[in-house]
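Student:
There are 2 protein chains.
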Amino acid sequence: MKSRYGQFCPVAVASEIFAERWTPIILRELVLGSRGFNEIHRGVPRISRALLAKRLRELTAAGVIEATEGEYRLTEAGQELGEVVKSLGAWGARWTAPVQRDRLDARLLTWDMHRRIAVERLPERRVVVRFDFHGVPAGHKAPRTYWFVMERPDVDLCIIEPGFEVDLFVSADLASFARVWLGEVPIRQVVREGAIKLSGNREAVRDFPSWLLLSTLAAVPRPAETTQRRVA
Amino acid sequence: MKSRYGQFCPVAVASEIFAERWTPIILRELVLGSRGFNEIHRGVPRISRALLAKRLRELTAAGVIEATEGEYRLTEAGQELGEVVKSLGAWGARWTAPVQRDRLDARLLTWDMHRRIAVERLPERRVVVRFDFHGVPAGHKAPRTYWFVMERPDVDLCIIEPGFEVDLFVSADLASFARVWLGEVPIRQVVREGAIKLSGNREAVRDFPSWLLLSTLAAVPRPAETTQRRVA
DNA sequence: CGGTATCCACTACGATACTG
DNA sequence: CAGTATCGTAGTGGATACCG
Numbered sequence: 000m001k002s003r004y005g006q007f008c009p010v011a012v013a014s015e016i017f018a019e020r021w022t023p024i025i026l027r028e029l030v031l032g033s034r035g036f037n038e039i040h041r042g043v044p045r046i047s048r049a050l051l052a053k054r055l056r057e058l059t060a061a062g063v064i065e066a067t068e069g070e071y072r073l074t075e076a077g078q079e080l081g082e083v084v085k086s087l088g089a090w091g092a093r094w095t096a097p098v099q100r101d102r103l104d105a106r107l108l109t110w111d112m113h114r115r116i117a118v119e120r121l122p123e124r125r126v127v128v129r130f131d132f133h134g135v136p137a138g139h140k141a142p143r144t145y146w147f148v149m150e151r152p153d154v155d156l157c158i159i160e161p162g163f164e165v166d167l168f169v170s171a172d173l174a175s176f177a178r179v180w181l182g183e184v185p186i187r188q189v190v191r192e193g194a195i196k197l198s199g200n201r202e203a204v205r206d207f208p209s210w211l212l213l214s215t216l217a218a219v220p221r222p223a224e225t226t227q228r229r230v231a
Numbered sequence: 000m001k002s003r004y005g006q007f008c009p010v011a012v013a014s015e016i017f018a019e020r021w022t023p024i025i026l027r028e029l030v031l032g033s034r035g036f037n038e039i040h041r042g043v044p045r046i047s048r049a050l051l052a053k054r055l056r057e058l059t060a061a062g063v064i065e066a067t068e069g070e071y072r073l074t075e076a077g078q079e080l081g082e083v084v085k086s087l088g089a090w091g092a093r094w095t096a097p098v099q100r101d102r103l104d105a106r107l108l109t110w111d112m113h114r115r116i117a118v119e120r121l122p123e124r125r126v127v128v129r130f131d132f133h134g135v136p137a138g139h140k141a142p143r144t145y146w147f148v149m150e151r152p153d154v155d156l157c158i159i160e161p162g163f164e165v166d167l168f169v170s171a172d173l174a175s176f177a178r179v180w181l182g183e184v185p186i187r188q189v190v191r192e193g194a195i196k197l198s199g200n201r202e203a204v205r206d207f208p209s210w211l212l213l214s215t216l217a218a219v220p221r222p223a224e225t226t227q228r229r230v231a
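Order-wise, the sequence lines are chains Y and E. Just so we're aligned, residue 0 is where the first sequence starts under numbering that gives the first Met the number 0, counting upward by one. Just so we're aligned, residue 0 is where the second sequence starts under numbering that gives the first Met the number 0, counting upward by one.
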């Protein structure tokens with residue numbers, strides 16, 4: 000076992016575990032609650048399955064996760080490393096401009112969103128939402144249409160027509176919706192400006208903004224307007 | 000500019016900046032106060048100079064550091080990223096066993112140490128300390144002997160005989176000294192056990208343990224004895 | 001569902017030498 | 001001191017196919 004950095008400094012040792020390609024993003028998935036291999040992969044779709052398996056093995060060997068009964072779980076050490084992932088994310092939310100063309104991916108957005116629905120605010124009956132995203136650069140492989148089938152307490156994400164009647168149609172510019180998701184701009188403002196259009200069942204249109212909890216990073220305070228932020 | 004991860008998630012965007020090879024360690028040097036190119040390189044000696052220059056350019060482009068008048072400085076964003084470096088280091092101190100054979104490097108240890116001397120506790124006059132490390136695997140290129148020339152408020156690290164009379168001789172097992180440096184074991188205990196030997200001027204022998212401030216990570220609380228820690 | 005095996009392409013990196 | 005230039009290579013990881 001050769002050390003990448005050859006330093007006994009704990010920053011270097013921790014970096015050998017944490018600062019590998021894809022690893023922070025895999026850990027983010029685990030922090031957000033993914034447990035199965037394919038489930039994790041949905042949150043990191045552009046990693047190859049072979050490499051994902053390798054990274055999971057490495058994290059297991061490092062004692063950050065445990066693999067039992069086909070589930071991956073953060074150990075105690077892993078949960079503390081999860082706090083580092085959160086601070087890194089908070090830094091990104093504060094100091095970068097994450098919504099850029101080559102980063103837009105509707106799969107990821109809907110995958111994240113379906114975990115952040117306030118199920119207790121949903122009506123008792125099943126609610127079906129259909130999303131249509133536009134403003135996606137051509138040549139992108141991700142679908143433009145997604146469905147949420149929400150039946151308390153479950154929220155299922157579909158990429159093929161689920162066959163139920165749709166209660167709410169959401170038609171949105173992908174970049175604008177991503178900015179809403181990240182808390183950079185209030186959803187009602189974007190609806191007013193027309194970059195997000197809601198139609199269908201009257202109550203669903205009215206209540207949808209309250210169902211959607213937004214990213215856990217949406218609440219991160221941003222630097223003052225006067226401070227220079229980065230375009231990275 | 001193609002995105003590494005193709006995700007607008009701030010964790011991914013921040014990882015594109017932070018979780019690159021060597022970058023956390025370069026940032027650690029900046030956090031600890033290094034400013035010049037060669038100064039930074041002394042704290043990251045195993046990176047090639049070409050790659051260090053490239054990383055510094057990338058960090059500048061990302062707005063994490065600024066290069067002015069031949070000095071690199073953390074920006075406001077960089078200082079906040081420095082907090083992430085510190086938490087990562089704290090995690091490493093808590094959950095890893097950093098002192099392993101292939102990570103020992105006396106250059107790094109002495110380089111870090113010379114920045115952590117309580118100069119205000121030193122005598123008025125110049126004090127010269129000579130370190131001799133043993134227990135280093137053969138084939139290691141780093142010297143075994145180093146000198147600190149301490150003349151308030153400066154502490155100079157030398158790898159060649161500075162020509163002054165030596166006040167204090169420190170002869171130590173490198174691994175043991177590293178453990179002391181990281182706060183894993185008290186210096187007086189290791190001196191008692193014989194893995195560190197102090198000789199020379201009587202007062203210097205007595206006071207040396209109080210001059211040496213230890214790593215900034217030495218004070219990190221470790222998990223309870225009963226909790227499993229990693230050997231990574 | 002949850003992976004492994006194989007193969008190949010690339011590129012990031014280290015080594016070395018050189019420059020203002 | 002503070003880098004740049006050049007070049008060869010090790011190793012990383014993507015693609016594809018296969019398996020229990």
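For every residue, glycine included, the Cβ atom is placed at its ideal position computed from N, Cα and C. Bear in mind that the values here come from a model prediction, so they are computed numbers and not experimental data.
#1: Any idea what DSSP makes of residue 172 of chain E, helix, strand or coil?
#2: For the beta strand (DSSP E) that contains residue 159 of chain E, what are its first and last residues?
#3: Is residue 46 of chain Y helix, strand or coil by DSSP?
#4: Is it right to say residue 16 of chain Y is buried, meaning 16 or more other beta carbons lie within 10 angstroms of its own, or is it exposed?
#5: Do the stretch 173 to 183 of chain Y and the stretch 97 to 104 of chain Y meet, that is, are 3 or more Cβ pairs less than 8 Å apart?
#6: Would residue 50 of chain E be called buried (16 or more neighbouring beta carbons within 10 Å of its own) or exposed?
#7: Return the Cβ separation of residue 214 of chain Y and residue 181 of chain Y in integer angstroms, given the expectation that the two are a contact with Cβ distance under 8 Å.
#8: So which residues of chain E does residue 172 of chain Y contact, with C-beta pairs closer than 9 Å?
#9: Going straight from the alpha carbon of residue 72 of chain Y to that of residue 52 of chain Y, what length do you get?
#10: In angstroms with no decimal places, state the Cα-to-Cα distance between residue 129 of chain E and residue 116 of chain E.
#11: Can you tell me whether residue 146 of chain Y is helix, strand or coil according to DSSP?
#12: Note down, one range per segment and in chain order, each beta strand (DSSP E) of at least 3 residues found wholly within the stretch 172 to 225 of chain Y.
#13: Suppose you measure from the CA of residue 109 of chain E to the CA of residue 132 of chain E; what does that come to, to the nearest Å?
#14: Go to residue 128 of chain Y, then tell me how far its alpha helix (DSSP H) extends in each direction, as first and last residue.
#15: Excluding the five sequence neighbours on either side, which residues of its own chain have a C-beta within less than 8 Å of the C-beta of residue 223 of chain E, listed in chain order?
#16: Could you tell me whether the stretch 53 to 62 of chain E touches the stretch 82 to 96 of chain E, where touching means 3 or more Cβ pairs closer than 8 Å?
#17: Would you identify the three-state DSSP class for residue 154 of chain Y, choosing helix, strand or coil?
#18: Restricting to runs no shorter than 4 residues, where is the alpha helix (DSSP H) found entirely within the stretch 13 to 93 of chain Y?
#19: Using three-state DSSP, classify residue 121 of chain Y as helix, strand or coil.
#20: Following the continuous alpha helix (DSSP H) through residue 106 of chain E, name the residue where it begins and the one where it ends.
#21: Please list the partners that residue 59 of chain E has in chain Y, where partner means a Cβ-to-Cβ separation under 8 Å.
#22: Using the Cβ count rule (16 or more neighbours within 10 Å means buried), how would you classify residue 200 of chain E?
#23: If you draw a straight line from the alpha carbon of residue 84 of chain E to that of residue 28 of chain E, how long is it in whole angstroms?
#24: For residue 220 of chain Y, tell me which candidate among Y:74, Y:65, Y:48 and Y:95 has the shortest Cα-Cα distance.
#25: Please say whether residue 24 of chain Y and residue 14 of chain E have beta carbons closer to each other than 8 Å?
#26: With a threshold of 16 other CB atoms inside 10 Å of the CB of residue 218 of chain E, please say whether the residue is buried or exposed.
#27: Output the distance between the C-alpha atoms of residue 112 of chain E and residue 107 of chain Y, rounded to the nearest integer angstrom.
#28: Report yes or no: is there a C-beta of chain Y within less than 8 Å of the C-beta of residue 6 of chain E?
#29: Are the CB atoms of residue 197 of chain E and residue 204 of chain E within a distance shorter than 8 Å?
#30: Look at the alpha carbon of residue 141 of chain E and the alpha carbon of residue 168 of chain E, and state the distance between them as a whole number of angstroms.
#31: Could you tell me the alpha carbon to alpha carbon distance between residue 186 of chain Y and residue 30 of chain E, rounded to whole angstroms?
#32: Between residue 190 of chain E and residue 134 of chain E, what straight-line distance do the alpha-carbon atoms span, to the nearest angstrom?
#33: Going by C-alpha to C-alpha distance, which of E:114, E:122, E:192 and E:126 sits closest to residue 161 of chain E?
#34: Quick check on the burial criterion: 16 or more other C-beta atoms within 10 angstroms. Buried or exposed for residue 66 of chain Y?
Tutor: Taking the definition as stated:
#1: Here residue 172 of chain E is taken as the residue at index 173 of the second sequence, counted from 1. Three-state result, residue 172 of chain E: strand.
#2: Along the second sequence, read from residue 1 onward, the residue named residue 159 of chain E stands at position 160. Note, residue 159 of chain E: premise wrong, no beta strand (DSSP E); not H, not E.
#3: Position 47 of the first sequence holds residue 46 of chain Y. In this structure, residue 46 of chain Y counts as coil in the three-state DSSP scheme.
#4: Taking the first residue of the first sequence as position 1, residue 16 of chain Y is located at position 17. Counting Cβ neighbours within 10 Å, residue 16 of chain Y comes out buried, since at least 16 surround it.
#5: Using a Cβ-Cβ distance cut-off of 8 Å, the stretch 173 to 183 of chain Y and the stretch 97 to 104 of chain Y are in contact, since at least three pairs of beta carbons, one from each stretch, lie closer than that value.
#6: For the purposes of this step, residue 50 of chain E is taken as the residue at position 51 of the second sequence. By the neighbour-count rule (16 or more Cβ atoms within 10 Å), residue 50 of chain E is not buried but exposed.
#7: As a first step, residue 214 of chain Y must be located in the first sequence, where it is residue number 215. As a first step, residue 181 of chain Y must be located in the first sequence, where it is residue number 182. Contact flag correct, Cβ pair sits at about 5 Å.
#8: Here residue 172 of chain Y refers to the residue found at position 173 of the first sequence. Going along chain E, no residue has its Cβ under 9 Å from residue 172 of chain Y, so there is no contact; the nearest lies around 13 Å.
#9: Sequence index remark: in the first sequence, residue 72 of chain Y carries index 73 (1-based). Sequence index remark: in the first sequence, residue 52 of chain Y carries index 53 (1-based). A direct Cα-Cα distance of roughly 14 Å separates residue 72 of chain Y from residue 52 of chain Y.
#10: As a position in the second sequence, residue 129 of chain E is number 130, starting the count at 1. As a position in the second sequence, residue 116 of chain E is number 117, starting the count at 1. Annotation: residue 129 of chain E to residue 116 of chain E spans about 15 Å, alpha carbon to alpha carbon.
#11: Here residue 146 of chain Y refers to the residue found at position 147 of the first sequence. Taken through DSSP and simplified to helix, strand or coil, residue 146 of chain Y comes out as strand.
#12: Every unbroken stretch of the beta strand (DSSP E) spanning 3 or more residues and falling wholly within the stretch 172 to 225 of chain Y is given here in chain order: 195 to 199.
#13: Mapped onto the second sequence, residue 109 of chain E falls at position 110. Mapped onto the second sequence, residue 132 of chain E falls at position 133. Approximately 10 Å between the Cα atoms of the pair.
#14: As a first step, residue 128 of chain Y is located in the first sequence; it is residue number 129 there, counting from the start. Taken as a continuous stretch (DSSP letters only), residue 128 of chain Y belongs to no alpha helix (DSSP H), being part of the beta strand (DSSP E) at 126 to 133.
#15: Start at 1 with the first residue of the second sequence, and residue 223 of chain E comes out as number 224. No residues qualify anywhere along the chain.
#16: Proximity of the stretch 53 to 62 of chain E to the stretch 82 to 96 of chain E falls short of the contact definition, fewer than three beta-carbon pairs being nearer than 8 Å.
#17: Along the first sequence, one-based indexing puts residue 154 of chain Y at 155. If DSSP states are grouped into helix, strand and coil, residue 154 of chain Y belongs with the strands.
#18: Those alpha helix (DSSP H) runs which fall completely within the stretch 13 to 93 of chain Y and span 4+ residues are 22 to 30, 36 to 42 and 48 to 60.
#19: Walking along the first sequence from the start, residue 121 of chain Y turns up at place 122. In the three-state reduction of the DSSP assignment, residue 121 of chain Y falls in the coil class, being assigned neither a helical nor a strand state.
#20: Indexing the second sequence from 1 puts residue 106 of chain E at position 107. In this chain, the alpha helix (DSSP H) harbouring residue 106 of chain E covers 105 to 112.
#21: Position 60 of the second sequence, counting from 1, holds the residue named residue 59 of chain E. The premise fails here: residue 59 of chain E is roughly 11 Å from chain Y at the closest Cβ pair, so nothing lies under 8 Å.
#22: Locating residue 200 of chain E in the second sequence gives position 201, where the first residue counts as 1. So residue 200 of chain E ends up on the buried side.
#23: In the second sequence, counting from the first residue as 1, residue 84 of chain E sits at position 85. In the second sequence, counting from the first residue as 1, residue 28 of chain E sits at position 29. A direct Cα-Cα distance of roughly 10 Å separates residue 84 of chain E from residue 28 of chain E.
#24: Counted from its first residue, the first sequence places residue 220 of chain Y at position 221. Answer by Cα proximity: Y:95.
#25: Position 15 of the second sequence holds residue 14 of chain E. Position 25 of the first sequence holds residue 24 of chain Y. Yes; because the gap between Cβ atoms is below 8 Å, this pair is in contact.
#26: Here the question's residue 218 of chain E lines up with position 219 in the second sequence. By the C-beta density criterion, residue 218 of chain E is exposed, having fewer than 16 other C-beta atoms within 10 angstroms.
#27: Counted from its first residue, the second sequence places residue 112 of chain E at position 113. Counted from its first residue, the first sequence places residue 107 of chain Y at position 108. Take the alpha-carbon of residue 112 of chain E and the one of residue 107 of chain Y: they are about 46 Å apart.
#28: Residue numbering aside, residue 6 of chain E sits at position 7 when the second sequence is read from its first letter. Yes, its Cβ sits closer than 8 Å to a Cβ of chain Y.
#29: Taking the first residue of the second sequence as 1, we reach residue 204 of chain E at position 205. Taking the first residue of the second sequence as 1, we reach residue 197 of chain E at position 198. Yes; because the gap between Cβ atoms is below 8 Å, this pair is in contact.
#30: For the purposes of this step, residue 141 of chain E is taken as the residue at position 142 of the second sequence. For the purposes of this step, residue 168 of chain E is taken as the residue at position 169 of the second sequence. Near 19 Å, if we compare the C-alpha coordinates of residue 168 of chain E and residue 141 of chain E.
#31: As a position in the first sequence, residue 186 of chain Y is number 187, starting the count at 1. As a position in the second sequence, residue 30 of chain E is number 31, starting the count at 1. For the pair residue 186 of chain Y and residue 30 of chain E, the Cα-to-Cα distance works out to about 38 Å.
#32: Taking the first residue of the second sequence as position 1, residue 190 of chain E is located at position 191. Taking the first residue of the second sequence as position 1, residue 134 of chain E is located at position 135. Using only the alpha carbons, I get a separation of about 16 Å.
#33: Reading the second sequence from its first residue, position 162 is the one you call residue 161 of chain E. Residue 161 of chain E has its Cα closest to that of E:126, out of E:114, E:122, E:192 and E:126.
#34: The residue given as residue 66 of chain Y occupies position 67 in the first sequence. Taking a 10 Å sphere around the C-beta of residue 66 of chain Y, we find fewer than 16 other C-beta atoms and assign the residue as exposed.
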